[in-house]
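Working notes, beginning with the structure itself.
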Ligand code: FES
Ligand code: FES
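Protein chains in written order, with my numbering: chain B, 1 to 757; chain Z, 758 to 964.
Following this line, the structure appears as structure tokens:
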């Protein structure tokens, strides 16, 4: 292998700097083409007929009038749907019975939107309504309406056991039992789901707004029974995903089915209402926690029993993370997860998968018990966190068969606490007199850095410019930029000479996709390997131009190849490439790194300071410190942007974004931005969010990067809940933290006689 | 139907579909709708699409366009579908997000909730018209330098609102800028970098 111009740990020229995104010009000029911008001559417009019932058998469906309507080119119902599930996830493209209000019942494609909408009304459906259930615990009771023949529980309960929980609780000096609830919450991106399908013979090209092109690829190849090579997925620019676009979805199947039937390209774009209703959003969790501590401040037992509302189907992804098992040195741990089907729309993994919900439970419960014991919650957490060398599980089973490395969570806590000045925290919660009270709270989090199979290629052109091809996507996380920076660092070709092709399954090798903190690590390692491969080829070609110097004795800097021993002997990259006469194409295919016993995690400590108005119940954010370990930052600007934006998304969960369902009909009551209230620049003053990048270097990712995207969204709910408690002594265990809930909590503090009714 | 009758009928149908009184929907007015409790949401009515056609004529990015479009065509549809100017995005089609913001006669409007007919005779500026002869506008430069975006889907709208604000108020405070941009959602919540970009643009344009 050729000598590298720069090595991890060595001097770096590109990595670790600030700087604009390499696709910034496209994004600020309107030239970036998102899926909805794609226009193919003769393309049809699709619309979806959705179920008016939360659970119903389709007794009959008559599409003849719609099919005869002028301008309609194809109509499909469940009868047209192949009996192959979408990515094996229990759901066909169209289903009978339908299991949530708003589920697709039929779809059609017509020459324009108006025709499609009119024709939709001509489809006659007779439903036989079935009883429905919306609550995950209700759904497990005997006699509850059943969504599937094998019941409402998805798979086996997921149980993780370490030590002996009952004995651990018994031997604790103090035990508390609490329940924390997060409702179903909307977490979609700015760009509603969109896809365009085009068949040429038995070859399908599908432009899709997805995070994981190869998952969609696999799903559609299986559904249509065609070889992988017959399917091409393109997700060039994606307007945000946050997990909702990480699993293959109904829309892609519908567009492909319609396009095949109509023999014309079809565009299917969800309206905002459809996107909210049918987008694999954040799942509801009811988490019962039991935690026991000993007088010496150690956590002796921690148990989580979680009911997860999967909604009607599931995405094969999701569930809780490892907050209970990987952050603290607790000997006795048990987690039980029940993933339950109910008649609400599909849910799935969304920014942090289930980590924000789990973090809310764990970090709140630990705050509660520390305060009950009279301990400083930060000291308590600092004492119990896992540190380097501590045992930690390598796999999903609870057994702690590995050991933790490159951990700097203690530094995250210390730097964050210093920045917010933790000493200003109220020694006694709610101690401040007057109508307004301030409080400070802390919440920690952790997550895997994401691995999986990475694939990418790097091409150096005849003029010395270069390209990175990868099939995962840039959903706003800056991966085009950071991946190109990795290649630029390896090759020492200026970043300005790079172009990227993202999200194309035909031009780039298989890759796991953009989710779960994995793109930078998983795809990044592949890009690093691909760039080295290309560099080897270039140096081999340069040798004959430099007195037949062996490649190992050459190096490339700033697109000039030099003899290491005699830098006066040099040749320009472009000259080497011209002479070589063919591009240098490097391939990178990587698996998760083999680290033996070692386990690397990414961590963060968040601190919130709030002011609570005792008269109105309003909670105002005063300051938010987000101290993160992400290994080495590849691009500092990108990292800050992720931490700042992710923190606001985490905070947003405290104030709204709840999806509510009508108990009588199962219908979604919150179908618009006005109902969900995603934050504007006025809701959280962005200047209050301060990102701290804790200096560190990992060992598994490219150039010591660990990955980041999910974590900033995890701790917001717990940090704010803990801060509210510190301000007014009211403990909120259900999100969102409404004014009503704050006032009710304050009211309950009053002596019985003086409470308001 | 006489010409006069037709004209009256057209006007009636337009005003049925006009979601805000007094013409184009200005984002300033809509900002309030996004902030809970400050204004009633003004939602579009649910009448059938108007299938009659009219001729619209407007200047977009300095070029005059004339087209025969259904009366129900929104300005966003006209720009995206008829003129193929897809830089203007649709995030909600309900005047609740600002992704579709364009400049009409110097005002920032939600093009999803403005009829193409309402913009007849107007000067319209979209994101595609901001750069002059390949030289990026200072606002675009500032958004690049300060990474005032993540996924970029809201970015055209953020930039067009910024343009109108800085034209009217060249030297805003950060709080004034925040308020002016409150009608533009950024789901990635890249707000800190957006605010930095806006303030940098203000400095660059005054220099
Ligand atoms: S698309 Fe016009 S305001 Fe959202
Ligand atoms: S950059 Fe993604 S919505 Fe603003």
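Ideal placement from N, C-alpha and C gives every residue a C-beta, glycine not left out.
Rounded to whole angstroms, the Cβ separation of residue 192 (chain B) and residue 272 (chain B) is 6 Å, and the two are in contact under 8 Å. Residue 882 (chain Z) is positioned such that its CB atom lies no closer than 9 Å to that of residue 852 (chain Z).
When DSSP reads this structure, residue 391 (chain B) sits in a beta bridge with B:403. The Cβ atoms of residue 476 (chain B) and residue 700 (chain B) do not sit closer than 9 Å to each other.
In this structure, the CA atom of residue 948 (chain Z) is about 18 Å from the CA atom of residue 857 (chain Z). From the beta-carbon of residue 851 (chain Z), the residues of chain B found nearer than 7 Å are 272, 672. Shown here for residue 667 (chain B): same chain residues with a beta carbon closer than 6 Å to its own, the five before and five after excluded, namely 101 in chain order.
When the alpha-carbon of residue 953 (chain Z) is set against those of Z:912, Z:904, Z:920, Z:944, the nearest one is in Z:904. Remark: the C-beta of residue 320 (chain B) is outside contact range of ligand 1, defined as less than 8 Å to any heavy atom. Apart from sequence neighbours up to five positions away, the residues of its chain that approach residue 202 (chain B) with a beta-carbon distance below 7 Å are 226, 230, ordered along the chain.
Listed along the chain, the chain B residues whose CB falls inside 7 Å of the CB of residue 948 (chain Z) are 648, 681, 686. Within the same chain, and ignoring the five residues on either side of residue 179 (chain B) in sequence, the residues whose Cβ sits closer than 6 Å to its Cβ are 288. The C-alpha of residue 310 (chain B) lies about 12 Å from the C-alpha of residue 155 (chain B).
Residue pairing by DSSP puts residue 437 (chain B) in a beta bridge opposite B:612. Distances between the C-beta of residue 833 (chain Z) and the heavy atoms of ligand 1 include at least one below 8 Å.
In its chain, beyond the 5 residues on either side, no residue has a beta carbon closer than 6 Å to the beta carbon of residue 673 (chain B).
Under the 9 Å criterion on CB atoms, residue 843 (chain Z) is classed as interfacial with respect to chain B. In chain order, 27, 28 make up the part of chain B whose C-beta sits under 7 Å from the C-beta of residue 912 (chain Z). Using a Cβ distance threshold of 9 Å, residue 312 (chain B) and residue 147 (chain B) count as a contacting pair.
For residue 948 (chain Z), the three-state secondary structure derived from DSSP is helix. At least one heavy atom of ligand 2 lies closer than 8 Å to the C-beta of residue 915 (chain Z).
Residue-level contact check: residue 242 (chain B) touches chain Z, since one or more beta carbons of chain Z fall below 9 Å from its beta carbon. Listed by position along chain B, the residues whose Cβ is nearer than 8 Å to that of residue 888 (chain Z) are 29. The straight-line gap separating the alpha-carbon atoms of residue 653 (chain B) and residue 716 (chain B) is approximately 8 Å.
Interface criterion not met: the Cβ of residue 355 (chain B) is under 9 Å from no Cβ in chain Z. DSSP places residue 92 (chain B) outside both helix and strand once states are collapsed to three, so it counts as coil. Residue contact with chain B for residue 909 (chain Z): present (Cβ-Cβ distance below 9 Å to some residue of chain B). In the three-state reduction of the DSSP assignment, residue 174 (chain B) falls in the strand class, which pools E and B. For residue 637 (chain B), a Cβ of chain Z is located within less than 9 Å of the residue's own Cβ. In the displayed model, residue 283 (chain B) falls within coil according to three-state DSSP, outside both helix and strand. Under the three-state reduction of DSSP output, residue 336 (chain B) falls in the strand class. Look at the region 855-885 of chain Z: the residues with a C-beta under 8 Å from a C-beta of chain B are 856, 883, 884, 885. By the rule that beta-carbons nearer than 9 Å mark a contact, residue 21 (chain B) touches chain Z. Scanning the region 871-910 of chain Z for uninterrupted beta strand (DSSP E) segments of 3 residues or longer gives 880-882, listed from N- to C-terminal end. The beta carbon of residue 897 (chain Z) falls within 9 Å of a beta carbon belonging to chain B, placing the residue at that interface. Rounded to the nearest angstrom, the gap between the Cα atoms of residue 663 (chain B) and residue 133 (chain B) is 9 Å.
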